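Asks: Pasting a structure here, questions to come.
Number of protein chains: 2
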Amino acid sequence: MIASLTWRCSAELRVGLDADCGLDAKRLWRYGFIGTIQISLSPQRRPIAIGQDRTLIAELKDAATRRRRVTLIDIARHAGVSKSTVSLVLQSSSLVKEETRQRVRRSIDELGYVYNRSAANLRQARSNMVGMVINDLANPFFAELAVGIERVFQTAGYVPFIANSAENPWRQAEVLRSLREQGVAGLIVCPSRGTPRDAFKDLNRDGVPVVLAMRRVLGAKAASVIPDNQRGGRKATEHLLSLGHRRIAFLGGYRDTFAHAERSGGYRLALEAANIDVDPELIVVGPPNREGGEAALGEVMALSDTPTAVLCFNDVVAFGVLSGLKVRGLSAGSDFAVVGFDDVADARYASPALTTVAVDSGGLGERAAQTVLRMIHGDARPEEAIGDVHLVIRESCGAKAREAA
Amino acid sequence: MIASLTWRCSAELRVGLDADCGLDAKRLWRYGFIGTIQISLSPQRRPIAIGQDRTLIAELKDAATRRRRVTLIDIARHAGVSKSTVSLVLQSSSLVKEETRQRVRRSIDELGYVYNRSAANLRQARSNMVGMVINDLANPFFAELAVGIERVFQTAGYVPFIANSAENPWRQAEVLRSLREQGVAGLIVCPSRGTPRDAFKDLNRDGVPVVLAMRRVLGAKAASVIPDNQRGGRKATEHLLSLGHRRIAFLGGYRDTFAHAERSGGYRLALEAANIDVDPELIVVGPPNREGGEAALGEVMALSDTPTAVLCFNDVVAFGVLSGLKVRGLSAGSDFAVVGFDDVADARYASPALTTVAVDSGGLGERAAQTVLRMIHGDARPEEAIGDVHLVIRESCGAKAREAA
DNA sequence: CTGTAGACTTGGAACGTTCTAATTTTCTGG
DNA sequence: CCAGAAAATTAGAACGTTCCAAGTCTACAG
Numbered sequence: 145m146i147a148s149l150t151w152r153c154s155a156e157l158r159v160g161l162d163a164d165c166g167l168d169a170k171r172l173w174r175y176g177f178i179g180t181i182q183i184s185l186s187p188q189r190r191p192i193a194i195g196q197d198r199t200l201i202a203e204l205k206d207a208a209t210r211r212r213r214v215t216l217i218d219i220a221r222h223a224g225v226s227k228s229t230v231s232l233v234l235q236s237s238s239l240v241k242e243e244t245r246q247r248v249r250r251s252i253d254e255l256g257y258v259y260n261r262s263a264a265n266l267r268q269a270r271s272n273m274v275g276m277v278i279n280d281l282a283n284p285f286f287a288e289l290a291v292g293i294e295r296v297f298q299t300a301g302y303v304p305f306i307a308n309s310a311e312n313p314w315r316q317a318e319v320l321r322s323l324r325e326q327g328v329a330g331l332i333v334c335p336s337r338g339t340p341r342d343a344f345k346d347l348n349r350d351g352v353p354v355v356l357a358m359r360r361v362l363g364a365k366a367a368s369v370i371p372d373n374q375r376g377g378r379k380a381t382e383h384l385l386s387l388g389h390r391r392i393a394f395l396g397g398y399r400d401t402f403a404h405a406e407r408s409g410g411y412r413l414a415l416e417a418a419n420i421d422v423d424p425e426l427i428v429v430g431p432p433n434r435e436g437g438e439a440a441l442g443e444v445m446a447l448s449d450t451p452t453a454v455l456c457f458n459d460v461v462a463f464g465v466l467s468g469l470k471v472r473g474l475s476a477g478s479d480f481a482v483v484g485f486d487d488v489a490d491a492r493y494a495s496p497a498l499t500t501v502a503v504d505s506g507g508l509g510e511r512a513a514q515t516v517l518r519m520i521h522g523d524a525r526p527e528e529a530i531g532d533v534h535l536v537i538r539e540s541c542g543a544k545a546r547e548a549a
Numbered sequence: 145m146i147a148s149l150t151w152r153c154s155a156e157l158r159v160g161l162d163a164d165c166g167l168d169a170k171r172l173w174r175y176g177f178i179g180t181i182q183i184s185l186s187p188q189r190r191p192i193a194i195g196q197d198r199t200l201i202a203e204l205k206d207a208a209t210r211r212r213r214v215t216l217i218d219i220a221r222h223a224g225v226s227k228s229t230v231s232l233v234l235q236s237s238s239l240v241k242e243e244t245r246q247r248v249r250r251s252i253d254e255l256g257y258v259y260n261r262s263a264a265n266l267r268q269a270r271s272n273m274v275g276m277v278i279n280d281l282a283n284p285f286f287a288e289l290a291v292g293i294e295r296v297f298q299t300a301g302y303v304p305f306i307a308n309s310a311e312n313p314w315r316q317a318e319v320l321r322s323l324r325e326q327g328v329a330g331l332i333v334c335p336s337r338g339t340p341r342d343a344f345k346d347l348n349r350d351g352v353p354v355v356l357a358m359r360r361v362l363g364a365k366a367a368s369v370i371p372d373n374q375r376g377g378r379k380a381t382e383h384l385l386s387l388g389h390r391r392i393a394f395l396g397g398y399r400d401t402f403a404h405a406e407r408s409g410g411y412r413l414a415l416e417a418a419n420i421d422v423d424p425e426l427i428v429v430g431p432p433n434r435e436g437g438e439a440a441l442g443e444v445m446a447l448s449d450t451p452t453a454v455l456c457f458n459d460v461v462a463f464g465v466l467s468g469l470k471v472r473g474l475s476a477g478s479d480f481a482v483v484g485f486d487d488v489a490d491a492r493y494a495s496p497a498l499t500t501v502a503v504d505s506g507g508l509g510e511r512a513a514q515t516v517l518r519m520i521h522g523d524a525r526p527e528e529a530i531g532d533v534h535l536v537i538r539e540s541c542g543a544k545a546r547e548a549a
């Protein structure tokens with residue numbers, strides 16, 4: 145006689161049990177069950193059975209678990225070979241006979257087998273996952289960079305995953321930890337602002353190759369692929385000087401990033417070479433986005449001696465500056481010169497089209513990816529690559545207008 | 145006597161062996177070794193030893209492998225508890241005594257332990273990884289969506305990874321397979337064009353919740369979070385009609401996507417309601433990017449009876465149209481009306497500022513993420529959510545200019 | 001028939017966790 | 001000092017792969 149039967153489980157499993165293993169009074173009776181069974185399911189659907197009838201409980205457990213994933217062993221059984229052989233087939237080894245290979249492949253298709261990468265990772269450290277940690281996905285520049293990186297990894301048989309650190313070192317640490325737990329084969333990181341020098345310590349210890357893109361981290365043990373920020377800043381400033389500008393501002397970006405130091409460093413160098421004193425009031429820092437650009441412009445335009453030209457930390461800041469000029473009734477390219485940095489896709493579509501320092505995001509991304517691949521394959525030298533930059537002269541600097549005149 | 149000793153290994157490991165296990169002639173002698181040893185290391189640093197002296201080889205192998213990662217068992221040994229206890233500590237279970245917990249934590253810090261998620265995944269299906277598959281990361285709209293999604297998952301303790309399918313179904317399949325192998329807990333997919341209805345079959349079988357964002361896939365078993373495209377298209381068209389336009393084009397996007405069908409459907413509906421015949425020449429399809437927009441504009445402007453207004457498939461297409469108008473010496477907002485779709489961040493900064501249908505990307509993303517979370521936690525109902533849309537009137541449609549006049 | 005080389009195949013031990021069921025320790029009230 | 005409950009701990013079996021070492025075939029020469 146059934147004394148009591150307590151269910152604590154999701155509706156789905158109840159159905160699953162009822163249907164699949166036909167748990168009902170009759171069946172319990174058939175098993176000669178007398179007593180209490182309690183089946184409870186943790187959220188992950190693993191059954192816990194407490195009761196007196198071992199056989200029944202085992203049965204129930206088995207039934208509840210029956211809906212498990214198809215494994216390599218199932219394939220082996222189905223194809224009539226050993227699991228080792230199936231494993232070899234999966235690795236497209238040349239050791240298995242063509243005929244066997246096909247039989248196994250057929251079984252795989254038939255049973256809908258899914259390779260379990262976790263299990264593989266557990267056994268062999270190598271994985272085919274590479275990570276990309278981007279500090280600001282909303283900035284199209286980084287999106288372009290990510291696309292370049294992806295292309296390389298994709299063709300090399302690695303699967304790239306992107307994570308966004310949102311310029312937050314704490315979150316970046318979280319993401320890096322997670323990637324490490326996941327067992328990434330390699331990493332490309334555009335480090336967020338304020339990344340501590342030991343951020344990659346753990347990864348280094350595990351021997352995971354790390355390549356820094358776009359930004360350096362002082363003291364970090366990692367390769368880096370970085371555009372020639374200083375030369376870019378210098379070239380852009382020299383161009384503005386050659387157009388006759390003498391009061392040139394440098395807007396946007398935070399002073400504690402390397403990119404800012406280098407880009408504004410080039411700007412200083414050019415000014416000094418032209419015997420112009422650098423006016424600290426003309427260097428305005430701020431968030432490297434549109435709002436930051438607009439705000440920074442406001443700040444320099446409020447000065448008694450306003451600039452006639454600005455070099456922006458990046459294109460997005462420059463877009464903000466262009467908006468700001470429009471609001472003020474000024475026209476970039478004639479009344480005022482604006483130069484950006486990065487040459488994102490939108491730069492040529494801005495109005496006026498943005499003169500900017502092209503850093504070849506796609507090329508840098510590919511370079512970074514190649515470096516990671518080389519490091520994965522054993523070349524341990526953490527090299528430092530500097531990407532070439534060049535000035536793309538469009539309309540916002542006024543050079544075209546002057547030429548035409 | 146030592147006959148020969150061949151090394152084929154990375155410099156790092158040689159140091160490791162020399163230092164760690166003191167491999168030298170004396171030691172070999174002590175082991176009474178006579179013969180040849182060859183130790184070679186595969187790139188993953190697994191030692192392969194070939195030689196005569198089993199004992200020594202075993203020793204060497206052990207030594208070479210000694211630099212293995214710190215495991216939970218090492219922690220247990222160090223803290224003087226069982227591995228089960230350590231596991232419980234890692235899961236911050238309330239079952240362990242505070243004192244023990246602290247001792248274990250200390251050991252973890254001291255030994256620099258790294259949680260191995262692969263091993264955990266192997267044992268329990270649950271993982272804290274969620275995936276986001278985006279069809280076009282270069283489109284700022286999807287980047288914004290991704291950011292909204294990320295926020296929710298982050299606070300819920302899940303780690304979101306983004307993968308780009310680049311509007312390529314084959315690549316999307318690749319990415320989905322990889323995510324499945326990785327054991328994701330849930331997925332948000334912006335399906336690429338041409339996604340087959342059974343693209344999520346395998347994921348469904350594994351019980352991985354899938355939420356489609358922005359686009360439907362006919363016949364797919366998945367929840368979806370989609371903006372009210374039709375209403376948006378209709379509202380925008382009605383707005384243009386109310387401004388007196390009678391020849392309104394619909395530009396960009398591919399006919400085989402649901403978004404296109406719905407958005408252009410709303411456009412048709414509005415026209416029909418106003419008793420205007422839909423002129424098929426005014427519906428031009430093309431890639432949903434700037435270039436596509438510019439090209440599509442070129443096509444309708446080459447007609448004998450050119451339109452006076454366009455509704456664009458999305459904002460990026462609209463940007464292309466704005467560029468195209470500028471090239472033609474036309475001015476959006478006065479000579480011509482342009483309306484976009486999505487309301488990306490850049491829309492208000494376009495010149496003229498873009499009138500567009502706002503779909504609240506952040507909100508949609510959050511909604512999608514919430515749905516995935518609910519499904520992960522057992523609520524199996526695949527719901528279909530329709531996001532509200534509203535028209536944001538700026539300058540490109542000419543309404544503001546008319547009001548001012 | 002034997003030996004052996006080569007081509008395939010395979011059993012079984014890892015890998016580092018989690019989970020269950022059980023055991024041990026501690027606490028409580030008599 | 002004991003029984004029983006509660007709290008804390010733990011042994012050991014999974015999980016699904018890979019890799020090594022050791023097979024079993026087949027073919028062919030002697």
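One line per chain: the protein sequences are D and S, in this order. Throughout, our numbering is defined as the position within the first sequence, counted from one, plus 144. Throughout, our numbering is defined as the position within the second sequence, counted from one, plus 144. Every residue, glycine too, gets a C-beta built ideally from N, C-alpha and C. For clarity, every value in this text was computed on a predicted model and none was experimentally measured.
Below 7 Å CB to CB, which residues in the same chain sit around Gly550/S once its five sequence neighbours on both sides are set aside?
Replies: Because chain S spans 145 through 549 in this model, residue 550/S falls outside it and cannot be assessed.
Asks: Give me, in chain order, the residues of the same chain whose beta-carbon lies closer than 7 Å to that of Ser236/S; leave out the 5 immediate sequence neighbours on both sides.
Replies: none
Asks: Report buried or exposed for Ile217/S, applying the criterion of at least 16 other Cβ atoms within 10 angstroms of its Cβ.
Replies: It is exposed - the Cβ of Ile217/S has fewer than 16 other Cβ atoms within 10 Å.
Asks: Should the segment 528–537 of chain S be called in touch with the segment 485–504 of chain S, which here means at least 3 C-beta pairs below 8 Å?
Replies: yes
Asks: List the endpoints of the continuous beta strand (DSSP E) containing Ala223/S.
Replies: Run containing Ala223/S: none in the beta strand (DSSP E); it sits in the alpha helix (DSSP H), 216–223.
Asks: Can you pull the chain S neighbours of Lys470/D, defined as C-beta to C-beta under 8 Å?
Replies: What Lys470/D touches in chain S: Ser495.
Asks: Inspect the beta-carbon positions of Val369/D and Val354/D and report whether they are closer than 8 Å.
Replies: No.
Asks: Three Cβ pairs or more, each shorter than 8 Å: is that satisfied between the segment 303–320 of chain D and the segment 267–281 of chain D?
Replies: yes
Asks: Can the beta-carbon of Gly292/S be found closer than 8 Å to that of Glu510/S?
Replies: yes
Asks: Evaluate Thr515/D with the Cβ neighbour count: other Cβ atoms within 10 Å of its Cβ, from every protein chain shown; 16 or more gives buried, anything less gives exposed.
Replies: buried
Asks: Which residues, in order along the segment 326–345 of chain S, keep a beta-carbon less than 7 Å from a beta-carbon of chain D?
Replies: Gln326, Gly327
Asks: For His404/D, which of helix, strand or coil comes out of DSSP?
Replies: helix
Asks: Going by DSSP, which residues form a beta bridge with Phe480/D?
Replies: Ala476/D
Asks: Quick one: what does DSSP say Asp532/D is sitting in, helix, strand or coil?
Replies: coil
Asks: If you draw a straight line from the alpha carbon of Ile194/S to that of Leu239/D, how long is it in whole angstroms?
Replies: Confidence at Ile194/S is low in this model, with a pLDDT of 34, below 50, so the placement of that residue is unreliable and no value is reported for it.
Asks: Sort Arg407/D, Glu318/D, Leu474/D, His521/D by Cα distance to Ser271/D and report the nearest one.
Replies: When only C-alpha atoms are compared, the closest one is His521/D.
Asks: Are Ala545/S and Ser478/S close, meaning C-beta to C-beta below 8 Å?
Replies: yes
Asks: Asn348/S to Val225/D, Cα distance in whole Å?
Replies: Answer to the nearest angstrom: the Cα atoms are 28 Å apart.
Asks: Between the alpha carbons of Val454/S and Gly442/S, how many angstroms are there, rounded?
Replies: 12 Å
Asks: Select from the segment 450–481 of chain D all residues with a C-beta closer than 9 Å to any C-beta belonging to chain S, and list them in chain order.
Replies: Phe463, Gly464, Leu466, Ser467, Lys470
Asks: Identify, in the order they occur along the chain, each residue of the same chain with its Cβ nearer than 7 Å to the Cβ of Leu385/S, setting aside the five sequence neighbours on each side.
Replies: Ala414, Ala418
Asks: Would you report the Cα separation of Ala446/D and Leu426/D, rounded to the nearest angstrom?
Replies: 11 Å
Asks: Between Asp105/S and Gly484/S, how many whole angstroms is the CB-CB distance? I'm expecting something under 8 Å.
Replies: Because chain S here runs from 145 to 549, residue 105/S falls outside it and cannot be looked at.
Asks: Rounded to whole angstroms, what's the CA-CA distance from Pro432/S to Glu318/S? Just pull it up for me.
Replies: 23 Å
Asks: Find out if the Cβ-Cβ distance for the pair Leu266/D, Ser540/S is shorter than 8 Å.
Replies: no
Asks: Along chain S, which residues have their Cβ under 8 Å away from the Cβ of Ile306/D?
Replies: Correct list: Leu281, Phe305, Ile306, Ala307, Asn308.
Asks: If I measure Cβ to Cβ from Ala357/S and keep anything under 6 Å in the same chain, skipping five residues before and after, which residues do I get?
Replies: Ile332, Cys334, Val369, Ala512
Asks: Please decide whether Arg261/D counts as near chain S, where near means a Cβ-Cβ distance under 8 Å.
Replies: At least one CB atom of chain S sits nearer than 8 Å to the CB of Arg261/D.
Asks: Shorter than 8 Å from the beta carbon of Asn348/D to some beta carbon of chain S?
Replies: With respect to chain S, the C-beta atom of Asn348/D has no partner C-beta closer than 8 Å.
Asks: Tell whether a beta-carbon distance below 8 Å holds between Ala439/D and Phe463/D.
Replies: Going by C-beta atoms, Ala439/D is not nearer than 8 Å to Phe463/D.
Asks: State the CB to CB distance for the pair Pro371/S and Pro284/D, rounded to an integer number of angstroms; the pair is presumed to be in contact (CB under 8 Å).
Replies: Going by Cβ atoms, the distance from Pro371/S to Pro284/D rounds to 22 Å, so no, they are not a contact pair.
Asks: Distance, Cα to Cα, Pro304/D vs Thr299/S?
Replies: 24 Å
Asks: When the Cα of Phe286/S is compared with those of Gly506/S, Arg321/S, Gly468/S, which residue comes out closest?
Replies: Checked all of Gly506/S, Arg321/S, Gly468/S; the closest Cα to Phe286/S is Gly506/S.
Asks: By DSSP's criteria, Leu395/S is part of a beta bridge. Which residues make up the other side?
Replies: Val428/S, Cys456/S
Asks: What are the start and end residues of the alpha helix (DSSP H) that includes Ala512/D?
Replies: 505–520
Asks: How would you list, in chain order, the residues of chain D whose beta-carbon sits under 8 Å from the beta-carbon of Arg213/S?
Replies: Asp350
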